[in-house]
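Asks: The structure's right below; bear with me while I get my questions together.
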Amino acid sequence: MHQITYKNIHNRFKLNGVHISREEMFYVAYCFIKEGKPFEQHIGTFLLDWFDEKSYIELSTSGTTGTPKIIRIEKQAMLDSALATGDFFGLEPGDTMLHCLPTNFVAGKMVWVRSFILGLDMKFVEPNSNPLEKIDQNFDFCAMVPLQAKNSLKKLKEKKIKKLIIGGVKIHKALEDELVKLPMDIYETYGMTETITHIAAKKVGTVAFTTLPNVTVSEDDRHCLVIKAKKISKNAIVTNDVVKLISDTQFIWEGRYDNIINSGGVKLMPEQIEEKLSKLIPRRYFVYGKADMELGEKAVLYVEGEPFEILDSVFNVLNKFEIPKEIIFIPKFQETATGKIQRNESIKTV
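Okay, here's the thing in C-alpha cells:
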C-alpha cells in the first residue's frame, strides 16, 4: 500500500483553481515572503517550514489560561490529523474549500495541510471578521471562528458553504440559535494546539461531542477530559476541561476546572452560568470567583464596557447559588492573539 507522507502533495490539490506541484510551492512561498501582505508572509513562512527537512513544526499554544509556550508537533501527526478530519467530515479529492483563518496559528496551518493531503481545491482570502463579504462562489468546506460565522450569517443563508466547522472559542448560545436555522451542516469543534486543532465535533444544536477516528477519551479524578490519540501524541493529553463522559468516544463539555468557584461549599461552573445568561446581557461578559470572607469565594459578573443598569430580573434564570454577588465593569477585556478572553488578565486591569 502506498505510504502517504507529509513530503508529498496530492495530485488533485489546487490553489485558487490552479494545480500546483511541491516544487512550485517553494516559488509561491518565496513570492509571498518577498512581496506579499503580512498574512501572505505568514503563509510563505509556513510553506517553507512544511517542506523543509525537519520532521516537525514549532507552534505556540494560545495562552488562554497561562503563558503561551512553544511546542513541537510532528508533521506526520499533522498529516494524520488531516486524514481524520477528511474521514469524519466526508471530504473527497477535488472538494472546494475556503481558507479564511490566519496561518500564523495552528488552525490556519492545518487548513493548508488538509488541502495538500486530501487533494482539495482551496481558495484563500485575507483573514478578517467577515470573510464571505466579497465571496460569490460556493464551497464544500470551510473553517471559521465564531465571530466570522456571526458576521457571515446573511451570506450563509444563501448556502455558500455545504459544511462549516467553527472552533477557537465556544459558540455563544445566541449565535448557535441562529446557526441551527441555516440550510447546511454546521459543526462546533473541540481541540487545542496540543491536539493539532480539533479531536472532536458536534452538530450545532446538539450537546455531545463525538471524537474523530483513532481518538478515545476518558476522565480523571477531577472529571476532566483525558485524550488518547496515538497518531497525534504518544502520551495521553490531560486537559482542564470538566466533562460528562457518555462513552469513550462521546462527551459533554461543562467548563474549565480552573474556573470552578467554591462558594460556601457549593461548586459553581462559570461557563454554565454564562450560558444561562447568554441572551440577557448585550455585552461581552464572564463569571469568575473572587475571595470572600463568608463564602470563601463568591461569583462575580464581569461585564465589558461602560457601566449600565442590569435589572435583578435578568438573574431569574439562575438558581440562588449561581446569582452573582457583585457586578464589575471592565472598560476592555484582555485577549489572546486568537481573540479568547483572558479572564485573569482582564481582572488585573480593574
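By the count of the UniProt record's numbering, the sequence shown reaches residue 350 at its end, each step adding exactly one. The beta carbon of each residue, even a glycine, is placed where N, CA and C say it ideally should be.
Need the endpoints of the beta strand (DSSP E) that K162 sits in, please.
Replies: The sequence position of residue 162 within the sequence shown is 162, counting from 1. I161 to I166 is the extent of the beta strand (DSSP E) around K162.
Asks: Would you check if the stretch 200–216 and the stretch 249–256 touch, i.e. whether three or more CB-CB distances between them fall below 8 angstroms?
Replies: The answer is yes - the stretch 200–216 touches the stretch 249–256, with three or more Cβ pairs under 8 angstroms.
Asks: If I measure Cβ to Cβ from A229 and keep anything under 7 angstroms in the same chain, skipping five residues before and after, which residues do I get?
Replies: Position 229 of the sequence shown, counted from the start, is the residue given in the question as residue 229. Around A229: T195, I199, N214 and V215.
Asks: Give me the DSSP bridge partner(s) of A200.
Replies: Start at 1 with the first residue of the sequence shown, and residue 200 comes out as number 200. According to DSSP, which records beta bridges pairwise, A200 is partnered with Y190 and T211.
Asks: According to the Cβ coordinates, are E297 and Y285 closer than 8 angstroms?
Replies: One-based indexing of the sequence shown puts residue 297 at position 297. One-based indexing of the sequence shown puts residue 285 at position 285. Cβ atoms of E297 and Y285: not closer than 8 angstroms.
Asks: Closest to V238 by C-alpha separation, out of L225, H99, K276 and K244, would be which residue?
Replies: Start at 1 with the first residue of the sequence shown, and residue 238 comes out as number 238. Ranking the options by Cα distance to V238, first place goes to L225.
Asks: Give me the Cα-Cα distance between W50 and T193, rounded to the nearest whole angstrom.
Replies: Here the question's residue 50 lines up with position 50 in the sequence shown. Here the question's residue 193 lines up with position 193 in the sequence shown. Near 17 angstroms, if we compare the C-alpha coordinates of T193 and W50.
Asks: To the nearest angstrom, report how far apart P331 and I161 are at their CA atoms.
Replies: Numbered from its first residue, the sequence shown carries residue 331 at position 331. Numbered from its first residue, the sequence shown carries residue 161 at position 161. Computed Cα separation, rounded: 36 angstroms.
Asks: Cα-Cα, which of E53, F39, G17 and N319 is closest to V266?
Replies: As a position in the sequence shown, residue 266 is number 266, starting the count at 1. Selected option, being the one with the closest Cα: N319.
Asks: Return the chain-ordered ranges of every beta strand (DSSP E) run that is complete within the stretch 237–310 and spans a minimum of 3 residues.
Replies: Correct list: 237–247, 250–256, 261–263, 266–268, 285–292 and 296–304.
Asks: Can you check whether the CB of D185 is closer than 8 angstroms to the CB of K163?
Replies: Position 163 of the sequence shown, counting from 1, holds the residue named residue 163. Position 185 of the sequence shown, counting from 1, holds the residue named residue 185. Cβ atoms of K163 and D185: closer than 8 angstroms.
Asks: Out of L79, M122, A29 and E92, which has the shortest C-alpha to C-alpha gap to G17?
Replies: Counting from 1 along the sequence shown, the entry for residue 17 is found at position 17. For the residues L79, M122, A29 and E92, the minimum Cα distance to G17 belongs to M122.
Asks: Count the other CB atoms, across all protein chains shown, that sit within 10 Å of the CB of Q137; report buried if there are 16 or more and exposed otherwise.
Replies: Here residue 137 is taken as the residue at index 137 of the sequence shown, counted from 1. By the 10 Å Cβ count, Q137 comes out exposed.
Asks: Excluding the 5 residues flanking F124 on each side, which residues of the same chain have their C-beta closer than 6 angstroms to its C-beta?
Replies: Here residue 124 refers to the residue found at position 124 when the sequence shown is read from its first residue. So the list reads H99, once near-sequence residues are dropped.
Asks: Leaving aside the five residues before and after A201 along the sequence, list all residues of the same chain whose C-beta is less than 6 angstroms from its C-beta, in chain order.
Replies: Walking along the sequence shown from the start, residue 201 turns up at place 201. Closer than 6 angstroms at the Cβ level, and outside the excluded window around A201, lie Y187 and T189.
Asks: Could you tell me the boundaries of the alpha helix (DSSP H) in which M110 lies?
Replies: For this step, residue 110 is matched to residue 110 along the sequence shown. Run containing M110: V106 to L118, per the alpha helix (DSSP H) assignment.
Asks: To the nearest angstrom, how far is the alpha carbon of I71 from that of I43?
Replies: As a working mapping, residue 71 is identified with position 71 in the sequence shown. As a working mapping, residue 43 is identified with position 43 in the sequence shown. Near 19 angstroms, if we compare the C-alpha coordinates of I43 and I71.
Asks: State the DSSP-derived secondary structure class of Q41, mapped to helix, strand or coil.
Replies: Looking up residue 41 in the sequence shown gives position 41. Note: Q41 maps to helix in three-state DSSP.
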